Amino acid sequence: MAAPRSCVLWRCCGRGWSRAMRGCQLPGLRSSWPGGPLGMRLLSQEKATTETHFGFETVSEKEKGGKVYQVFESVAKKYDVMNDMMSLGIHRVWKDLLLWKMRPVPGTQLLDVAGGTGLTWVLGDAEELPFDDDKFDIYTIAFGIRNVTHIDQALQEAHRVLKPGGRFLCLEFSQVNNPLISRLYDLYSFQVIPVLGEVIAGDWKSYQYLIESIRRFPSQVEFKEMIEDAGFHKVTYESLTSGIVAIHSGFKL
Amino acid sequence: MSAAMATLLRRALRPLGRLPGGPWPAADVPLRARSHGAGLLYPDHIPTSPLQKALLAAGSAGMALYDPYRHDMVAVLGETTGHRTLKVLRDQMRKDPEGARILQERPRISLSTLNLGKLQSLPEGSLGREYLRFLDENRVSPDTRAPTRFVDDEELAYVIQRYREVHDMLHTLLGMPTNILGEIVVKWFEAVQTGLPMCILGALFGPIRLSARTLQVLVSELIPWAVQNGRRAPSVLNVYYERRWDQPLGALREELGITAPPMHIQGMA
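Protein chains in written order, with UniProt numbering: chain A, 1 to 253; chain B, 1 to 269.
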């Protein structure tokens with residue numbers, strides 16, 4: 001992402017992984033599980049330390065980190081080209097909108113996590129950032145948080161490193177709100193994207209993972225609640241392109 | 001009630017979001033569910049819809065033309081366009097005693113299955129020795145062949161894999177190097193022999209990047225020779241190469257009706 005030169009921009013190339021479905025793991029919502037919320041919470045936590053999802057596959061949490069890493073190793077070389085091809089350049093519009101929303105001014109201390117290609121970097125883990133508390137004015141993460149194994153930890157870290165009054169901004173794939181567009185989007189995602197990945201990058205599986213991981217990510221409302229759980233206030237979201245992506249925003253008080 | 005308990009309860013009461021069964025369009029579900037584990041016909045299998053196959057075929061053809069070094073695209077093209085032809089080839093193999101044995105035993109030509117020491121010790125001029133020499137001189141390895149992925153039939157997946165592994169044998173039999181000209185000549189032979197759409201396309205479009213002089217040699221001498229030999233020879237997929245390592249190359253060529261190439265083309269193209 002391009003940013004005005006007068007901001008201090010740190011990019012944290014994160015490598016933390018996450019299991020996104022915390023909400024739906026709670027077995028209280030499945031009839032086969034016994035006991036009350038507390039008992040089930042412990043059970044789900046036990047299960048949580050062993051298994052998670054990797055797209056539509058089930059893998060152990062330990063494995064997931066490595067597998068996601070491999071995906072990004074594989075896609076890194078053709079990252080920008082593929083983003084342009086898959087979204088027909090629209091990803092640039094989304095990122096511009098994100099920047100517009102944050103309206104950084106000279107002197108803003110900005111942390112961009114899972115930064116991708118571009119500026120100078122600090123290598124770190126989104127679930128355990130190598131920065132002190134209360135350091136940044138703005139924390140952004142664009143198309144990164146979906147791949148983190150423990151999203152809640154990444155959110156907590158975001159909260160920690162932000163100054164009081166600081167803002168959290170996340171641009172991420174979300175749930176399409178229109179049934180017709182949803183069908184077209186699914187068709188495009190599942191029929192075209194892996195083919196593009198194979199033809200351009202020689203890599204079907206990474207792009208299959210990509211589209212599956214998008215469907216695994218929580219909805220706008222669910223993610224808003226996760227952000228609130230991490231301690232953010234005035235959490236809002238804005239859907240773009242019929243909800244294909246959404247920008248979530250929250251403040252640390 | 002503690003803050004922790006409150007959070008716990010609040011989360012527990014949150015509406016269920018992303019169930020794996022999800023609100024997916026029904027048509028897509030079987031395909032996607034199949035793409036992990038249970039629905040695979042063979043280890044590297046990637047099930048694809050007809051639309052995906054069409055897109056892959058078009059895309060791989062375009063990319064192979066645009067970037068000739070994308071050998072993987074040629075492989076993908078073969079897999080996505082070859083289904084009908086592979087059936088014909090498979091049936092041909094079944095009817096031939098040696099071919100049927102190959103289908104049964106499923107031999108693979110790879111460094112792990114080849115006994116390199118034994119091949120080295122074979123007499124000069126034997127198939128095995130000459131095959132090794134070919135690998136050496138052209139600095140290739142049988143293991144660089146990517147596995148089949150997009151063929152939706154396990155036996156046909158083996159047939160196309162066999163065809164690829166036999167490709168190197170053909171270089172040896174025809175005495176063709178692995179430069180662009182040699183590859184085109186082998187493609188013409190394969191196109192006539194197998195009828196695979198990918199071979200036909202490769203034979204027709206491969207020469208696009210050649211110089212006029214080379215093209216002239218190709219068209220006037222090499223292609224006629226390749227076509228003649230391709231038509232005359234019995235199916236090369238029915239030859240159990242792994243059991244013929246000590247057969248003199250000359251004898252095998254005679255058996256298959258393969259004559260010497262019209263010229264030595266190493267260094268051309």
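Ideal Cβ positions, reconstructed from N, Cα and C, are used throughout, including at glycine. All figures in this text were calculated on a predicted structure; none of them were measured in a lab.
Sequence-ordered contacts of the segment 43 to 65 of chain B with chain A read Ile46, Ser49, Leu51, Gln52, Leu55, Leu56, Gly59, Ser60, Gly62 and Met63 [C-beta pairs closer than 8 Å].
A:Ala201 carries a helical assignment under DSSP once its states are collapsed to helix, strand and coil. By the 16-neighbour rule on beta-carbons within 10 angstroms, B:Leu237 is buried. Per DSSP, reduced to three states, the secondary structure at A:Lys234 is strand.
B:Ser220 counts as exposed, since fewer than 16 other C-beta atoms from the protein chains shown sit within 10 angstroms of its C-beta. Using a Cβ-Cβ cut-off of 7 Å, A:Trp204 counts as an interface residue toward chain B, since at least one Cβ of chain B sits closer than that to its own. Contact check for A:Ile200 and A:Lys78: beta-carbon distance about 6 Å, within the 8 Å limit, so the pair qualifies. For B:Asp72, at least one C-beta of chain A is nearer than 7 Å to its own C-beta.
Interface criterion not met: the Cβ of A:Gln70 is under 7 Å from no Cβ in chain B. For B:Arg101, the uninterrupted alpha helix (DSSP H) segment begins and ends at Pro97 to Glu105. Taking 7 Å as the CB threshold, A:Val75 stays off the interface with chain B. Within chain B, the C-beta atoms nearer than 8 Å to that of A:Gln191 come from Ser49, Leu51, Gln52 and Leu55, in chain order. Secondary structure note for A:Phe54: its beta strand (DSSP E) is the uninterrupted segment Glu51 to Phe54. In this structure the segment 208 to 215 of chain A does not touch the segment 121 to 130 of chain A; the number of beta carbon pairs closer than 8 Å is below three. Within a 10 Å sphere around the beta-carbon of B:Pro50 sit fewer than 16 other beta-carbons, which makes this residue exposed.
For A:Glu172, the uninterrupted beta strand (DSSP E) segment begins and ends at Leu162 to Phe173. About 6 Å separates the CB atoms of B:Leu249 and B:Gly125; that is less than 8 Å, so the two are in contact.
Assigned with DSSP and collapsed to three states, B:Tyr42 falls in coil, not helix or strand. B:Glu130 and B:Ala233 have their C-alpha atoms roughly 20 Å apart. Nearest C-alpha to A:His150 among A:Tyr237, A:Met226 and A:Tyr139: A:Met226. Per the C-alpha coordinates, the member of A:Met86, A:Gly65, A:Asp186 and A:Ile90 positioned closest to A:Thr241 is A:Ile90. In summary, the residues of the segment 74 to 86 of chain B whose CB is separated from some CB of chain A by less than 8 Å are Val76, in the order they occur in the chain. The Cβ-Cβ distance between A:Leu171 and A:Leu98 falls below 7 Å. For A:Tyr139, the secondary structure class from DSSP, reduced to helix, strand or coil, is strand.
In terms of Cα proximity to A:Gly231, the closest of A:Phe168, A:Thr108 and A:Val221 is A:Phe168.
Each of A:Val195, A:Glu238 and A:Ile244 was checked against the Cα of B:Thr80, and the nearest Cα belongs to A:Val195.
Fully contained in the segment 210 to 234 of chain B are the following alpha helix (DSSP H) runs of length 4 or more, in chain order: 212 to 217 and 223 to 232. The alpha-carbon of B:Lys87 is positioned some 16 Å away from that of B:Ala191.
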